[in-house]
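Asks:
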Amino acid sequence: DSGVTQTPKHLITATGQRVTLRCSPRSGDLSVYWYQQSLDQGLQFLIQYYNGEERAKGNILERFSAQQFPDLHSELNLSSLELGDSALYFCASSRSGKLDEQFFGPGTRLTVL
Amino acid sequence: AQSVTQLDSHVSVSEGTPVLLRCNYSSSYSPSLFWYVQHPNKGLQLLLKYTSAATLVKGINGFEAEFKKSETSFHLTKPSAHMSDAAEYFCVVLSSGTYKYIFGTGTRLKVLA
Numbered sequence: 001d002s003g004v005t006q007t008p009k010h011l012i013t014a015t016g017q018r019v020t021l022r023c024s025p026r027s028g029d030l031s032v033y034w035y036q037q038s039l040d041q042g043l044q045f046l047i048q049y050y051n052g053e054e055r056a057k058g059n060i061l062e063r064f065s066a067q068q069f070p071d072l073h074s075e076l077n078l079s080s081l082e083l084g085d086s087a088l089y090f091c092a093s094s095r096s097g098k099l100d101e102q103f104f105g106p107g108t109r110l111t112v113l
Numbered sequence: 001a002q003s004v005t006q007l008d009s010h011v012s013v014s015e016g017t018p019v020l021l022r023c024n025y026s027s028s029y030s031p032s033l034f035w036y037v038q039h040p041n042k043g044l045q046l047l048l049k050y051t052s053a054a055t056l057v058k059g060i061n062g063f064e065a066e067f068k069k070s071e072t073s074f075h076l077t078k079p080s081a082h083m084s085d086a087a088e089y090f091c092v093v094l095s096s097g098t099y100k101y102i103f104g105t106g107t108r109l110k111v112l113a
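Following this line, the structure appears as structure tokens:
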């Protein structure tokens, strides 16, 4: 158990809908990262937050957005969902968001029908 | 730009025989390198990390990796495979400029009884 929690574990929804994925980092970690894992794209970094501020952006679509709240939990919002958004979404956390290792949550499996 | 290449997408070994999973990296700076393991339908777990201290790094579950600057390699080894080692393994380089994780494409390890 990494100490990073994600909810929900599974999510099934329809095209065009909007969903919110939630992540709670390990106690004491200030940085949160979001990743998408799909069969064709592999593991892709989406976005990083550090202590409530966006720090780095990866291959995140404009339909997707994220935020980190004062209690350090984070939410990833996915809107206007398409079939291709079906994937495993991971959250990870780290102490400082610099040269330290990341600890991954169990993931949320999103299925768009 | 930093990158990482996992040379084998699939590796099969018999139980009790050595494991070798190959990873080459590209980096302008002294890199931070990691190996993660992902069991089916689970999150990623950190096996070990290299951050410019000892070149031979010992990790969990009997795994170790050797950083070889001259060969730009960071191969993962284990003397004796166990059935529970069957999983997907990811080599990761941490970009020193952006602090982003850059993942390899993964190596799926199969352990035969």
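Keeping their order, the protein sequence lines are chains R and B.
The numbering used here applies: residue 1 is where the first sequence begins, and numbers increase by one.
The numbering used here applies: residue 1 is where the second sequence begins, and numbers increase by one.
Ideal Cβ positions, reconstructed from N, Cα and C, are used throughout, including at glycine.
Predicted model only: the values in this text are computed from it and were never measured.
For Y29/B, which of Y99/B, N41/B, C23/B and S84/B has the nearest alpha-carbon?
Replies: For the purposes of this step, residue 29/B is taken as residue 29 along the second sequence, with counting starting at 1. Among Y99/B, N41/B, C23/B and S84/B, the Cα nearest to that of Y29/B is on Y99/B.
Asks: Return the CA-CA distance between L33/B and T108/R, expressed in angstroms with no decimal places.
Replies: Stepping through the second sequence from its first residue, residue 33/B is reached at position 33. Stepping through the first sequence from its first residue, residue 108/R is reached at position 108. Cα to Cα, the separation comes out at about 26 Å.
Asks: By alpha-carbon positions, which one of A113/B, K110/B, E15/B and V93/B ends up nearest to G104/B?
Replies: Within the second sequence, the letter at position 104 stands for residue 104/B. Nearest option by C-alpha distance: V93/B.
Asks: Count the other C-beta atoms from every protein chain shown that fall within 10 angstroms of the C-beta of F69/R, then say buried if there are 16 or more, exposed otherwise.
Replies: As a first step, residue 69/R must be located in the first sequence, where it is residue number 69. Burial call: exposed.
Asks: Please list, in chain order, all residues of the same chain as G52/R whose beta carbon is under 6 Å from its beta carbon, the five residues on each side excluded.
Replies: Walking along the first sequence from the start, residue 52/R turns up at place 52. Contacts found: Q68.
Asks: In terms of residues, what are the limits of the beta strand (DSSP E) holding Q48/R?
Replies: As a first step, residue 48/R must be located in the first sequence, where it is residue number 48. Unbroken beta strand (DSSP E) run through Q48/R: G42 to Y50.
Asks: Run down chain R in chain order and give the residues with a C-beta less than 8 Å from the C-beta of S32/B.
Replies: Numbered from 1 along the second sequence, position 32 holds the residue referred to as residue 32/B. L99, listed in chain order.
Asks: So what's L83/R in DSSP terms, helix, strand or just coil?
Replies: Within the first sequence, numbered from 1, the residue matching residue 83/R stands at position 83. Correct three-state label for L83/R: helix.
Asks: Going by alpha carbons, who is nearest to Q26/R out of Q17/R, D1/R and R18/R?
Replies: Counting from 1 along the first sequence, the entry for residue 26/R is found at position 26. Sequence check: residue 26/R is Arg here, not Gln. Checking every option, the nearest Cα to that of R26/R belongs to D1/R.
Asks: Using a C-beta to C-beta distance shorter than 7 Å, which residues of chain R count as neighbours of T107/B?
Replies: Taking the first residue of the second sequence as position 1, residue 107/B is located at position 107. By Cβ distance, chain R contributes nothing, its closest Cβ being about 12 Å from T107/B, past 7 Å.
Asks: Under a three-way DSSP split, which group does I12/R fall into?
Replies: Here residue 12/R refers to the residue found at position 12 when the first sequence is read from its first residue. Residue state, collapsed to three classes: strand.
Asks: With DSSP as the reference, please indicate the residues paired to V32/R in a beta bridge.
Replies: Here the question's residue 32/R lines up with position 32 in the first sequence. Paired residue(s): Y49/R and S93/R.
Asks: How is I60/R classed by DSSP in three states: helix, strand or coil?
Replies: Within the first sequence, the letter at position 60 stands for residue 60/R. Looking at I60/R - three-state DSSP - the assignment turns out to be coil, as it is neither helix nor strand.
Asks: Please report how far the alpha carbon of L78/R lies from the alpha carbon of Y33/R, in whole angstroms.
Replies: The residue you call residue 78/R lines up with position 78 of the first sequence. The residue you call residue 33/R lines up with position 33 of the first sequence. Computed Cα separation, rounded: 15 Å.
Asks: Starting from Q6/B, trace the beta strand (DSSP E) in both directions and tell me its first and last residue.
Replies: Counting from 1 along the second sequence, the entry for residue 6/B is found at position 6. It spans S3 to Q6 - the beta strand (DSSP E) in which Q6/B sits, taken as one unbroken run.
Asks: Please name the residue in K42/B, G59/B, R108/B and G97/B whose C-alpha comes closest to that of L48/B.
Replies: As a first step, residue 48/B must be located in the second sequence, where it is residue number 48. The option with the nearest alpha carbon to L48/B is G59/B.
Asks: Can you give the Cα-Cα distance for A92/R and I12/R, rounded to whole angstroms?
Replies: Within the first sequence, the letter at position 92 stands for residue 92/R. Within the first sequence, the letter at position 12 stands for residue 12/R. Looking at the two C-alpha atoms, the distance is approximately 22 Å.
Asks: In chain R, which residues lie with their C-beta within 8 Å of the C-beta of F90/B?
Replies: Working through the second sequence from its first residue, we reach residue 90/B at position 90. Chain R residues near F90/B: L43.
Asks: Below 7 Å on C-beta distance, what does F64/R contact in chain B?
Replies: Taking the first residue of the first sequence as position 1, residue 64/R is located at position 64. Residues of chain B passing the Cβ test: none, with the nearest at roughly 17 Å.
Asks: Note down the Cα distance separating A1/B from G97/B, rounded to an integer number of angstroms.
Replies: Stepping through the second sequence from its first residue, residue 1/B is reached at position 1. Stepping through the second sequence from its first residue, residue 97/B is reached at position 97. Distance between the alpha carbons of A1/B and G97/B is about 9 Å.
Asks: Spell out whether any CB of chain B is found under 8 Å from the CB atom of P25/R.
Replies: As a first step, residue 25/R must be located in the first sequence, where it is residue number 25. So, not an interface residue.
Asks: At the level of alpha carbons, what is the spacing between K68/B and V111/B?
Replies: Locating residue 68/B in the second sequence gives position 68, where the first residue counts as 1. Locating residue 111/B in the second sequence gives position 111, where the first residue counts as 1. Answer to the nearest angstrom: the Cα atoms are 27 Å apart.
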